[in-house]
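For the sequence shown, numbering that gives the first Met the number 0 gives the first residue as 0, with consecutive numbering after it. Only one structure is covered here, and it is reproduced in the block below.
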Amino acid sequence: MQTKSHPGLQRVLVLGGYGAFGGRVAERLAQVPGVEVVIAGRSQDRGLDAALELEIATGKPVTARRLDAASVTPADLTAIGAGVVINASGPYQSQDYRLARACIAARVHYLDLADARLFVTGIRALDAEARAAGVLIVSGASTVPAVSGAVADAHAAQFGSLSAIASVIAPGNNFDPGLATTRSILMSLGRPIANGAGRAPIFGWQGLDRRRLPGLGARWIGHCDAPDRDLFPQRYAGLKVADVYAALEVGPFHLGLWGLAGLARSGLLPHPELMARPLLATKRRLGFLGSDRGGMLVSMAGTGRNGEPKHIDWHLIACGGHGPYIPATPSVLLAKRLVDGTLQKRGAMPCVGLFTLSEFLAETADLDLTTGTQ
Ligand SMILES: NC(=O)c1ccc[n+]([C@@H]2O[C@H](COP(=O)([O-])OP(=O)(O)OC[C@H]3O[C@@H](n4cnc5c(N)ncnc54)[C@H](OP(=O)(O)O)[C@@H]3O)[C@@H](O)[C@H]2O)c1
Numbered sequence: 000m001q002t003k004s005h006p007g008l009q010r011v012l013v014l015g016g017y018g019a020f021g022g023r024v025a026e027r028l029a030q031v032p033g034v035e036v037v038i039a040g041r042s043q044d045r046g047l048d049a050a051l052e053l054e055i056a057t058g059k060p061v062t063a064r065r066l067d068a069a070s071v072t073p074a075d076l077t078a079i080g081a082g083v084v085i086n087a088s089g090p091y092q093s094q095d096y097r098l099a100r101a102c103i104a105a106r107v108h109y110l111d112l113a114d115a116r117l118f119v120t121g122i123r124a125l126d127a128e129a130r131a132a133g134v135l136i137v138s139g140a141s142t143v144p145a146v147s148g149a150v151a152d153a154h155a156a157q158f159g160s161l162s163a164i165a166s167v168i169a170p171g172n173n174f175d176p177g178l179a180t181t182r183s184i185l186m187s188l189g190r191p192i193a194n195g196a197g198r199a200p201i202f203g204w205q206g207l208d209r210r211r212l213p214g215l216g217a218r219w220i221g222h223c224d225a226p227d228r229d230l231f232p233q234r235y236a237g238l239k240v241a242d243v244y245a246a247l248e249v250g251p252f253h254l255g256l257w258g259l260a261g262l263a264r265s266g267l268l269p270h271p272e273l274m275a276r277p278l279l280a281t282k283r284r285l286g287f288l289g290s291d292r293g294g295m296l297v298s299m300a301g302t303g304r305n306g307e308p309k310h311i312d313w314h315l316i317a318c319g320g321h322g323p324y325i326p327a328t329p330s331v332l333l334a335k336r337l338v339d340g341t342l343q344k345r346g347a348m349p350c351v352g353l354f355t356l357s358e359f360l361a362e363t364a365d366l367d368l369t370t371g372t373q
């Protein structure tokens with residue numbers, strides 16, 4: 000039976016709403032007038048605790064539901080009565096589209112924070128069903144490809160020919176990633192990354208290099224698999240390279256993952272993701288190393304409109320522990336626009352071109368973020 004939302008409020012269900020990023024999605028949405036957040040996950044107790052905390056902080060109703068993405072049905076969603084579902088559960092590498100399909104059947108909009116390349120690009124397979132149901136189904140509403148894509152869109156017109164985009168994601172060490180992010184990273188260690196015709200083979204968290212990042216100093220970088228690698232060459236005619244790197248703040252942590260990637264690649268460590276819990280616990284104990292400063296860099300290269308070589312480095316520096324709000328913001332922004340009716344797009348698609356860089360910066364204006372171009 001459907002439970003009625005509070006008068007004047009539209010429900011947004013955040014699956015994984017007590018996780019590291021889902022918690023921040025829920026926190027931001029709970030502050031939005033007209034939105035009633037429903038926090039869901041497989042633990043009713045953790046959901047209730049998180050809901051109570053948000054109710055106290057906002058003075059608005061926040062509810063909790065036990066829900067498993069692996070067994071959710073359209074009837075479950077209809078009973079909850081949400082107009083938008085945000086899937087912040089992960090790791091998406093091991094998920095299918097069951098939840099997105101349930102949303103289509105229940106005529107509910109769906110957004111997720113996926114970083115898994117095939118999961119994000121494959122969402123287009125649901126396009127016809129989503130259009131027929133009149134809903135928006137979006138995968139990858141997070142740092143990559145959504146924020147990196149908004150940065151690229153904002154600067155692409157300055158190029159006569161854009162040949163390369165390289166993004167570096169550089170979190171601060173005091174951020175506590177969740178188990179899903181840890182598993183997602185470990186799953187990618189040493190795995191081959193499809194790298195485009197004619198380019199040398201690359202592997203997850205290998206390709207060790209040193210890079211100076213504006214405001215963050217020099218960090219080690221390593222290859223990441225991300226949807227940008229497929230989506231950007233489709234979006235920008237003539238683009239040959241769309242690289243994505245990760246750069247941990249604490250050098251020995253980065254070098255440790257690089258070493259594990261080598262073991263995984265050689266076959267000596269076939270399932271590094273099984274080490275997620277002990278590695279995360281160790282990282283948490285060492286959270287005092289490093290700082291609350293993180294950020295990202297998007298470098299674009301090609302020729303300018305006058306045919307001269309052109310290079311733009313766009314950077315973002317997040318202080319005060321605000322970095323983790325970056326991956327949380329795209330889904331918040333889109334959910335708000337679906338709730339207030341200003342986002343009319345329907346169908347199933349990866350999250351590129353659905354908001355502008357200016358809209359992202361307006362949404363994060365209260366956070367301690369600095370951006371600039373060089
Ligand atoms: N695209 C990007 O740029 C980007 C950036 C950052 C993060 N991410 C992705 O975001 C995901 C979430 O990361 P996180 O660090 O927030 O993870 P987390 O802290 O482990 O949170 C995951 C949440 O999902 C819930 N959950 C897990 N499996 C579930 C299931 N089957 N059904 C319902 N709820 C489930 C968990 O609670 P229970 O276990 O109690 O159910 C938890 O609340 C990761 O996969 C990460 O890779 C993407």
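A virtual CB, placed ideally from N, CA and C, is assigned to each residue, including glycine.
Exercise for the section: Mind checking which residues open and close the alpha helix (DSSP H) that includes glutamine 233? Expected result: Here the question's residue 233 lines up with position 234 in the sequence shown. Counted as a single uninterrupted DSSP element, the alpha helix (DSSP H) harbouring glutamine 233 occupies residues 227–234.
Exercise for the section: For threonine 355, count neighbouring C-beta atoms within 10 Å of its own C-beta (all shown protein chains included) and say buried if the count is 16 or more, exposed if not. Expected result: The residue you call residue 355 lines up with position 356 of the sequence shown. Under this definition threonine 355 is an exposed residue.
Problem - Simplified DSSP state of aspartate 67, which is helix, strand or coil - result: By one-based count along the sequence shown, residue 67 stands at place 68. Of the three classes helix, strand and coil, the one that applies to aspartate 67 here is coil, per DSSP.
Handout entry: Distance between cysteine 223 and aspartate 242 (C-alpha atoms, nearest Å)
Key = Translated into the one-based positions of the sequence shown, residue 242 becomes position 243. Translated into the one-based positions of the sequence shown, residue 223 becomes position 224. Taking C-alpha positions only, aspartate 242 is separated from cysteine 223 by approximately 8 Å.
Exercise for the section: Pick helix, strand or coil for arginine 211, following the three-state DSSP scheme. Expected result: Your numbering for residue 211 matches position 212 in the sequence shown. Of the three classes helix, strand and coil, the one that applies to arginine 211 here is strand, per DSSP.
Problem - Residues that histidine 310 bridges to, as DSSP identifies them - result: Taking the sequence shown and counting its residues from 1, one reaches residue 310 at position 311. Residue pairing by DSSP puts histidine 310 in a beta bridge opposite Ala300.
Handout entry: Outcome for glutamine 343 when other beta-carbon atoms lying within 10 angstroms are tallied against a minimum of 16
Key = In the sequence shown, counting from the first residue as 1, residue 343 sits at position 344. Exposed, because fewer than 16 other Cβ atoms sit within 10 Å of the Cβ of glutamine 343.
Exercise for the section: Identify every residue that forms a DSSP beta bridge with tyrosine 109. Expected result: By one-based count along the sequence shown, residue 109 stands at place 110. Partner(s): Val84, Ile136.
Exercise for the section: Determine, using beta carbons only, whether valine 338 and glycine 82 come nearer to each other than 8 Å. Expected result: The sequence position of residue 338 within the sequence shown is 339, counting from 1. The sequence position of residue 82 within the sequence shown is 83, counting from 1. Yes, the Cβ-Cβ distance between valine 338 and glycine 82 is below 8 Å.
Practice task
Would you kindly check if the distance between the Cβ of leucine 14 and the Cβ of leucine 66 is under 8 Å?
Solution key: As a working note, residue 66 is residue 67 in the sequence shown. As a working note, residue 14 is residue 15 in the sequence shown. In this structure, leucine 66 sits near leucine 14, with a CB-CB distance shorter than 8 Å.
Practice task
Check the C-beta distance from alanine 113 over to glycine 133 and give it rounded, since I have them as a contact under 8 Å.
Solution key: Sequence index remark: in the sequence shown, residue 113 carries index 114 (1-based). Sequence index remark: in the sequence shown, residue 133 carries index 134 (1-based). Wrong, their Cβ atoms sit about 23 Å apart, outside the cutoff.
Problem - Rounded C-alpha distance that separates alanine 275 from phenylalanine 202 - result: Locating residue 275 in the sequence shown gives position 276, counting from the first residue. Locating residue 202 in the sequence shown gives position 203, counting from the first residue. When the Cα atoms are used, alanine 275 and phenylalanine 202 turn out to be separated by approximately 19 Å.
Exercise for the section: Consider the C-beta atom of leucine 267 and the heavy atoms of ligand 1; say whether any pair is separated by less than 7 Å. Expected result: Taking the first residue of the sequence shown as position 1, residue 267 is located at position 268. Checking the Cβ of leucine 267 against ligand 1 gives no.
Problem - Nearest candidate by alpha-carbon position, reference valine 137, set Arg116, Leu188, His108, Ala163 - result: As a working note, residue 137 is residue 138 in the sequence shown. Nearest C-alpha to valine 137: His108.
Handout entry: Where the alpha helix (DSSP H) through proline 329 begins and ends
Key = In the sequence shown, residue 329 corresponds to position 330, counting from 1. From DSSP, the alpha helix (DSSP H) with proline 329 extends over 324–338.
Problem - Between the CA atoms of leucine 98 and alanine 104 - distance to the nearest angstrom - result: Within the sequence shown, the letter at position 105 stands for residue 104. Within the sequence shown, the letter at position 99 stands for residue 98. Between the alpha carbons of alanine 104 and leucine 98 lies a distance of about 10 Å.
Handout entry: Sequence-distant residues of its chain with Cβ nearer than 8 Å to glutamine 30 (five each side left out)
Key = Position 31 of the sequence shown, counted from the first residue, corresponds to residue 30. Spatial neighbours of glutamine 30 in its own chain (CB-CB distance under 8 Å, excluding positions within 5 residues in sequence) are listed in chain order as Thr57.
Handout entry: Proximity to alanine 127 [Cα-Cα], best of Ala347, Val119, Pro308
Key = Against the sequence shown, residue 127 aligns to sequence position 128. Nearest of Ala347, Val119, Pro308 to alanine 127, Cα basis: Ala347.
Problem - Selected residue, minimal CA-CA separation from leucine 8, among Leu256, Gly22, Pro32, Val84 - result: Position 9 of the sequence shown holds residue 8. The shortest Cα separation from leucine 8 among Leu256, Gly22, Pro32, Val84 belongs to Pro32.
Problem - Distance between leucine 278 and phenylalanine 231 (C-alpha atoms, nearest Å) - result: As a first step, residue 231 must be located in the sequence shown, where it is residue number 232. As a first step, residue 278 must be located in the sequence shown, where it is residue number 279. Rounded to the nearest whole angstrom, the C-alpha separation of phenylalanine 231 and leucine 278 is 33 Å.
Exercise for the section: Check the C-beta distance from proline 144 over to cysteine 350 and give it rounded, since I have them as a contact under 8 Å. Expected result: For the purposes of this step, residue 144 is taken as residue 145 along the sequence shown, with counting starting at 1. For the purposes of this step, residue 350 is taken as residue 351 along the sequence shown, with counting starting at 1. Yes, they are in contact, since the Cβ atoms of proline 144 and cysteine 350 sit about 6 Å apart, within 8 Å.
Handout entry: Buried or exposed by the 16-neighbour rule on C-beta atoms within 10 Å, applied to alanine 101
Key = For the purposes of this step, residue 101 is taken as residue 102 along the sequence shown, with counting starting at 1. Burial of alanine 101 is indicated by the presence of at least 16 other C-beta atoms within 10 angstroms of its C-beta.
Problem - Spatial distance of aspartate 291 from valine 84 (CA atoms) - result: As a first step, residue 291 must be located in the sequence shown, where it is residue number 292. As a first step, residue 84 must be located in the sequence shown, where it is residue number 85. Each residue's Cα considered, the two are about 30 Å apart.
Exercise for the section: Kindly indicate which three-state DSSP category tryptophan 257 falls into: helix, strand or coil? Expected result: For the purposes of this step, residue 257 is identified with residue 258 of the sequence shown, where counting begins at 1. Here tryptophan 257 sits in helix by DSSP.
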